[in-house]
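Line order of the protein sequences matches chains X and L.
For the first sequence, our numbering gives the first residue as 20, with consecutive numbering after it.
For the second sequence, our numbering gives the first residue as 132, with consecutive numbering after it.
All residues carry an ideal CB built from backbone N, CA and C; glycine is no exception.
Note that the coordinates shown come from a computational prediction; the quantities given were computed from them, not determined experimentally.
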Amino acid sequence: MKKYVWFLLSLCVLLTFAMPVCAQETEAQPQDAAKQIEESDEIAQNIAEPTEEPFNVTDLIMGHIKDSHVWHILDYTKEENGQEVEVPVAVPLPVIVFANGHLDFFMSGAFHHGHEAVTKGDNTYVLANDQIYLANEKGGLTFKNGDETTAMEFHEGLKYLEANAAAEIVNEKPWDFSITKNVASMMLASIILLIVFISFAKAYKKNPGRPKGLQAFLEPVFLYVRDDVVYPNLGEKTDRFLPYLMTVFFFILFNNILGLIPFFPGNANVTGNIAVTMVLAIFTFLMINLNGNKDYWHHTFWMPGVPVFVKPILAVVELMGIIVKPVALMIRLFANISAGHIIILSLVSLIFIFQTLAVAPVSVIFVLFMDCLEMLVAFLQAYIFTMLSAVFISLAVAEHKHE
Amino acid sequence: MSGTLAAIGAGLAVLGAGLGIGKIGSSAMDAIARQPEAAGKVQTAMIIAAALVEGVALFGVVVALLSNN
């Protein structure tokens with residue numbers, strides 16, 4: 020049985036790293052179909068034009084922070100018909116959407132970076148601003164300007180969107196279950212977690228002597244979290260909550276660190292995505308409240324030691340507190356990690372804003388310093404999340420001795 | 132206009148964070164100067180308090196980002 024688990028895990032890792040093999044160069048000119056040649060000229064122009072546009076810092080930063088259906092690796096310029104064209108190299112990720120009762124599954128390469136609409140059965144999907152929308156009756160996007168809504172055709176809509184980047188799109192959205200960049204990165208982090216810790220557990224059982232290698236590096240961290248974070252708060256109940264708290268700690272730590280790596284398998288901004296941190300906070304919320312004992316509920320809603328007319332007021336405050344504490348956990352992690360990424364991206368963009376290589380040494384040194392700070396923040400945020408979760412859980416399961 | 136207001140709001144939040152963390156750092160320095168053997172514990176407590184204060188300041192930054200449209 021164990022051999023099969025190892026085999027499956029190795030297969031998953033190999034598949035994840037084989038993904039760059041699928042990295043496609045999206046061609047500026049498709050090789051076949053005569054009717055696509057007109058479109059391709061348009062597309063070539065649309066791709067060629069951005070190289071003449073001024074450098075837009077906000078777009079670059081937001082593009083790196085936001086989630087995306089394509090895992091973009093790099094762009095390179097190549098000569099095509101005497102024009103310089105930017106060709107993106109990216110890993111297309113699977114798109115899984117559910118609309119009008121149909122579950123559709125296709126690779127995001129079909130969108131050609133938003134230049135084409137995809138039709139599966141009855142549903143036509145359009146990719147705009149990294150979001151998948153259901154096309155309107157004309158096959159394109161519907162924009163809203165104050166009180167008017169204008170439905171446009173597909174290419175018309177794309178041009179309008181390029182001209183007004185802040186236009187509001189009011190198409191319907193399908194249920195989007197795609198494997199996006201953040202999901203793929205979380206899967207990678209989970210696979211790394213599983214491989215590392217399952218092998219540690221086995222090695223710990225087999226030779227209980229002094230550990231070697233990566234185990235010697237992570238075991239003190241593990242013991243630190245257990246003995247200095249969880250045990251002082253939970254005491255005898257440590258073993259009950261240790262799996263959850265350890266998982267949260269190492270999941271956040273590994274995802275933070277992966278997010279700091281600037282190239283392919285590591286570029287995704289997982290913990291800086293508020294949906295991810297919201298789920299982690301919800302897990303903590305559930306752990307606290309599903310394990311709350313009678314004393315906990317009694318003390319939050321009808322607290323002893325306080326005059327009776329104050330108790331209802333405090334009960335409302337405590338109720339808000341039950342919700343606000345996990346929300347604070349969520350926002351703290353999200354904002355710290357996102358802010359760190361934004362700072363590093365802004366410092367690197369300094370070179371492009373000033374358009375001179377002389378800024379490069381200053382910028383690079385700043386970025387190196389910020390990266391060291393970000394590594395501290397990565398560890399610190401994982402530690403704070405785990406410590407606060409441990410404290411809240413300990414408050415919920417504490418046994419009070421009443422006189 | 133709302134972009135400028137959002138930026139001013141974010142700046143005020145950062146001001147609050149700077150004051151808070153500065154105060155934490157200063158009391159940590161006083162404590163370490165008083166009792167150098169306790170430096171490790173004081174430092175740990177300082178980092179934790181700083182991360183919590185920074186969390187609050189980032190609340191403000193998130194609100195500023197949200198209202199930036």
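Let me confirm a value: residue i is counted as buried when at least 16 other C-beta atoms fall within 10 Å, else exposed. Which label applies?
i: residue 111(X); result: buried
i: residue 317(X); result: exposed
i: residue 169(L); result: exposed
i: residue 121(X); result: exposed
i: residue 172(L); result: exposed
i: residue 301(X); result: exposed
i: residue 403(X); result: buried
i: residue 193(X); result: buried
i: residue 400(X); result: buried
i: residue 135(X); result: buried
i: residue 131(X); result: buried
i: residue 138(X); result: exposed
i: residue 74(X); result: exposed
i: residue 292(X); result: buried
i: residue 419(X); result: exposed
i: residue 152(X); result: buried
i: residue 144(X); result: buried
i: residue 350(X); result: buried
i: residue 406(X); result: buried
i: residue 294(X); result: exposed
i: residue 157(L); result: exposed
i: residue 226(X); result: exposed
i: residue 239(X); result: exposed
Please state the DSSP three-state secondary structure of residue i.
i: residue 118(X); result: strand
i: residue 251(X); result: helix
i: residue 125(X); result: strand
i: residue 316(X); result: helix
i: residue 375(X); result: coil
i: residue 275(X); result: helix
i: residue 230(X); result: coil
i: residue 266(X); result: helix
i: residue 290(X); result: coil
i: residue 111(X); result: strand
i: residue 139(X); result: strand
i: residue 147(X); result: strand
i: residue 384(X); result: helix
i: residue 86(X); result: coil
i: residue 166(L); result: coil
i: residue 403(X); result: helix
i: residue 92(X); result: strand
i: residue 418(X); result: coil
Would you please state the rounded distance, in angstroms, between the beta carbons of residue i and residue j? I believe it to be under 8 Å.
i: residue 177(L); j: residue 159(L); result: 4 Å
i: residue 141(X); j: residue 119(X); result: 6 Å
i: residue 395(X); j: residue 271(X); result: Incorrect: roughly 14 Å between the Cβ atoms, too far for contact.
i: residue 181(L); j: residue 139(L); result: In fact, because the Cβ distance is near 24 Å, the residues do not count as touching under 8 Å.
i: residue 257(X); j: residue 250(X); result: 5 Å
i: residue 355(X); j: residue 189(L); result: 6 Å
i: residue 288(X); j: residue 84(X); result: 5 Å
Can you name the residues of chain X whose CB is closer than 9 Å to the CB of residue i?
i: residue 156(L); result: Within chain X, no residue comes near residue 156(L); the closest Cβ sits about 15 Å away, beyond 9 Å.
i: residue 179(L); result: 399, 402, 403, 406
i: residue 182(L); result: 351, 355, 396, 399, 400, 402, 403
Which chain X residues sit within Cβ distance under 7 Å of residue i?
i: residue 193(L); result: 350, 354
Under 8 Å between beta-carbons, which chain X residues line up against residue i? List them in chain order, please.
i: residue 136(L); result: Here the premise fails: no neighbours, minimum Cβ distance about 17 Å.
i: residue 189(L); result: 350, 351, 354, 355, 358
Which chain L residues are close to residue i, counting only those with a beta carbon under 7 Å from its beta carbon?
i: residue 347(X); result: 186
Do residue i and the ligand SAM come close, with the Cβ less than 7 Å from some heavy atom?
i: residue 320(X); result: This structure simply doesn't include the ligand SAM, nor any ligand for that matter.
Problem set entry | Residue ranges of each beta strand (DSSP E) within the segment 154-220 of chain X, 3 or longer | Here the runs fully enclosed are 161-164, 167-170.
For this session: With a floor of 4 residues, list each alpha helix (DSSP H) that falls wholly inside the segment 311-362 of chain X, ordered by position along the chain.
Result: Counting whole runs of 4 or more residues, the segment 311-362 of chain X contains the alpha helix (DSSP H) stretches 313-320.
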